[in-house]
Amino acid sequence: MNASHRSGGEPPAPGEVQVWFAWLADLRSRQQALSKMLAPAELATAARFVREADRVRSIGARGLLRAVIASCLDAAPRDLDVVTGPFGKPELASAGRQMPSFSVSHSGELVVLAVAGPDADVGVDVEHRRALPDWTQLAARHFHPQEVAELLDLPPTLGHAAFFDCWTRKEAVAKACGRGLSLPLASFRVSIGTPHEARLLDATGLPVAAAPWALVPLMLADGYAAALAVTGLPPHRVSHAQFDTDDRRWQRVLRA
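Here this note's numbering is used: the first residue of the sequence shown is 52, the next is one more, and so on.
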């Protein structure tokens, strides 16, 4: 599988997944432009957050989503009909045309968006690696028994790091299924302890267990774990792009 960096606005090619990421500071500097892209319901959701950073993250994540998807569809960001699926996942109303699959996640100072073609389902998750004293209890409560055993066999420092890798892989899979955390994370098993490669080892508990799966660790920034899950058409290329407020394409989209 190839990885590359891109700056374009083309829709994903068959077998391609685009991964876009943005730092909170860059999203904060464009709050006014990003806010103009959002629907009233999205603005109301952001306004309910007490912490300023959470409001910025909410507006930034939805603005980034709308800007990228609109660019892929050659549409205006504010014209997209973004709806919420039965399990809380944002989706696009089709209006008689095939729509890209996408997933968004945020943690700490980072927002991540993954976009694939309509022939695949995609899920992405990012987690800020932070001190988590109760990680063993969380693993025992949520993970597959074999994953828990493997984590506890590792030295504590490595186990703590592998916990975040495991969590992002599992949540990415659940998002690709369209279920998010309504899907019990113990119902399927992923590989752990290998930061640069990942596999879905047991998919029997998934609603799309028979579909071909690809699980890809994402190395986006120091101090963050991230993973991409794709089902339907396994990706042969994962491209990366960072939100850059000085890029002419972004300037054009932000003014739309």
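From the three backbone atoms N, C-alpha and C, an ideal C-beta is built for every residue, glycine too.
Paired residues, beta bridge with residue i - DSSP
| i | result |
| --- | --- |
| Phe72 | Val163 and Gln293 |
| Phe194 | None; Phe194 has no bridge partner. |
| Thr135 | Pro141 |
| Phe153 | Val166 |
| Ser158 | Leu161 |
| Arg240 | Asp253 |
| Glu178 | Ala276 |
Start-to-end residues for the alpha helix (DSSP H) that takes in residue i
| i | result |
| --- | --- |
| Phe214 | Pro207 to Ala227 |
| Ala97 | Pro91 to Ala98 |
| Gly114 | Glu103 to Leu124 |
| Ala171 | No alpha helix (DSSP H) holds Ala171; DSSP gives it neither H nor E. |
| Leu85 | Gln82 to Ser86 |
Of the residues the options, the one placed nearest residue i, counting alpha carbons only
| i | options | result |
| --- | --- | --- |
| Phe72 | Val281, Ser122, His287 and Gly111 | Gly111 |
| Arg106 | Asp125, Leu78 and Leu269 | Leu78 |
| Val229 | Ala167, Ala97, Gly139 and Arg99 | It is worth fixing the name first, because residue 229 is Gly in this sequence and not Val. Selected option, being the one with the closest Cα: Gly139. |
| Leu232 | Pro137, Pro184 and Glu61 | Pro137 |
| Ala213 | Thr245, Ser238 and Ile120 | Thr245 |
| Pro235 | Ile243, Thr255, Glu248 and Asp130 | Thr255 |
| Val173 | Ala292, Val259, His195 and Ala200 | Val259 |
| Ala262 | Ala171, Ser122 and Pro141 | Ala171 |
| Pro268 | Ser290, Leu257 and Ala64 | Ser290 |
| Glu198 | His287, Arg220, Met88 and Lys226 | Arg220 |
| Ser86 | Pro128, Leu124 and Val101 | Pro128 |
| Lys226 | Thr96, Gly210 and Thr282 | Thr282 |
| Asp125 | Glu61, Gln83, Leu164 and Ala167 | Glu61 |
| Val68 | Val163, Arg180, His179 and Gly168 | Gly168 |
| Phe215 | Ala76, Leu203 and Ile243 | Ile243 |
| Ala200 | Arg288, Ala237, Met270 and Phe294 | Ala237 |
| Gln149 | Val241, Pro286, Gln293 and Pro63 | Pro63 |
| Met88 | Asp132, His287 and Ala76 | Asp132 |
Cβ distance (whole Å) where residue i is taken to contact residue j below 8 Å
| i | j | result |
| --- | --- | --- |
| Leu266 | Leu251 | 5 Å |
| Ala279 | Ala223 | The question names Ala, but residue 279 is Leu in the sequence shown. Rounded, the Cβ-Cβ distance is 6 Å, consistent with contact. |
| Asp176 | Ala277 | 7 Å |
| Phe239 | His193 | The Cβ separation is near 12 Å, so there is no contact. |
| Val166 | Val119 | 6 Å |
| Tyr275 | Leu205 | In fact, because the Cβ distance is near 20 Å, the residues do not count as touching under 8 Å. |
| Ser80 | Ala97 | The pair is not a contact, with the Cβ atoms about 16 Å apart (cut-off 8 Å). |
| Gly159 | His179 | 3 Å |
| Cys217 | Leu203 | Going by Cβ atoms, the distance from Cys217 to Leu203 rounds to 12 Å, so no, they are not a contact pair. |
| His247 | Gly66 | No, His247 and Gly66 are not in contact; Cβ-Cβ is about 21 Å, not under 8 Å. |
Residue range of the beta strand (DSSP E) that includes residue i
| i | result |
| --- | --- |
| Leu279 | Tyr275 to Thr282 |
| Leu251 | Leu251 to Asp253 |
| Ala265 | Trp264 to Pro268 |
So does the region 102-122 actually touch the region 155-162, counting three or more Cβ pairs closer than 8 Å?
The region 102-122, when compared against the region 155-162, does touch it at the 8 Å Cβ threshold.
Tell me, please, whether the region 82-95 touches the region 178-192 by the rule of three or more beta-carbon pairs shorter than 8 Å.
With the cut-off at 8 Å, the region 82-95 and the region 178-192 do not touch.
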